[in-house]
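Below is one structure, written out as structure tokens, with a few remarks after it.
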Ligand code: ARG
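Residue numbers (our numbering): 2 to 269.
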């Protein structure tokens, strides 16, 4: 009798364990929400690093602390067209690829450049915007080429392609920080001689900080932005045609005009 009870306990525990595991099994981060009209829509989680005006930044002007920008408008347009609700998760840039790898995010838009190394871990859409690397420094310091950075302290964002670019520059002492605004601040107060930042982002920071200047690094190849997905994600096949249409019909160009010609707030 005692043995039978023991056996029953084991079977019961096993069944419960299976039931609990099944109920909690992660299926990406997709969750279903019922909208007012009663229609079911799946929520997709987009991870970004909202320190990158005008791609993505926190709009402190309205008091809403909402994340806005070029990437956000594109993400909203695509998810809306595909019938998904969108949730945005703001994390450090170097945490974005891990977030995709662990399925904590369904996709990433963060002005992220597809590289061979990143392609080992995530899938990319086609490139929707092109940028160039620049040297940001105090105005009139004469730091205009990569050679000028020999013996200088150079700030870059941790985990960005600029970190790799800076490390290639002979004699540069590279410091990697998590947020772009921190790097700009360090250049302003003279703790860093320069920073390597993409042109459209540098332009905004220089507009609000006239004591700084930026110079495009001439021999540096172009860097583009693409949407990143977990490897093998079926979402890529859904997003790609919409993105391609938005590139072809001028929607992306219109959004670029909206965001890249506006003055950028000082704090992001
Ligand atoms: N394009 C660069 C890269 O992919 C920098 C992107 C930084 N993005 C950001 N949201 N801070 O590495």
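Glycine is no exception: its CB is placed at the ideal position from the N, C-alpha and C atoms. From a predicted model like this one, the values you see are computed outputs, not experimental measurements.
- Remark: C-beta atoms of residue 213 and residue 189 approach each other more closely than 9 Å.
- For the pair of segments examined, the region 112-125 was found to touch the region 228-244: the number of CB pairs separated by less than 8 Å reaches three.
- With distances taken between CA atoms, residue 192 lies nearest to 155 out of 111, 82, 155, 126.
- The Cβ neighbour count for residue 63, taken over all protein chains shown within 10 Å, is under 16; the residue is labelled exposed.
- A residue is called buried once 16 or more other Cβ atoms fall within 10 Å of its Cβ, and residue 127, having fewer, is exposed.
- Nearest C-alpha to residue 52 among 236, 94, 105: 94.
- The beta carbon of residue 162 sits closer than 7 Å to the beta carbons of 114, 116, 224 from its chain, once the five residues preceding and following it are set aside; these are given in chain order.
- Every beta strand (DSSP E) stretch that sits fully inside the region 183-229 and reaches 3 residues is listed by chain position as 195-199, 213-217, 224-226.
- With distances taken between CA atoms, residue 180 lies nearest to 196 out of 210, 99, 196, 169.
- The beta carbon of residue 239 lies closer than 7 Å to those of 83 in the same chain, with the five residues before and after it left out.
- For residue 148, there is no enclosing alpha helix (DSSP H), as DSSP marks it with neither H nor E.
- The straight-line gap separating the alpha-carbon atoms of residue 207 and residue 200 is approximately 10 Å.
- Closest in C-alpha terms to residue 260, from the list 48, 57, 46, comes 57.
- A residue is called buried once 16 or more other Cβ atoms fall within 10 Å of its Cβ, and residue 158 is buried on that count.
- Straight-line measurement puts the Cα of residue 194 at about 11 Å from the Cα of residue 140.
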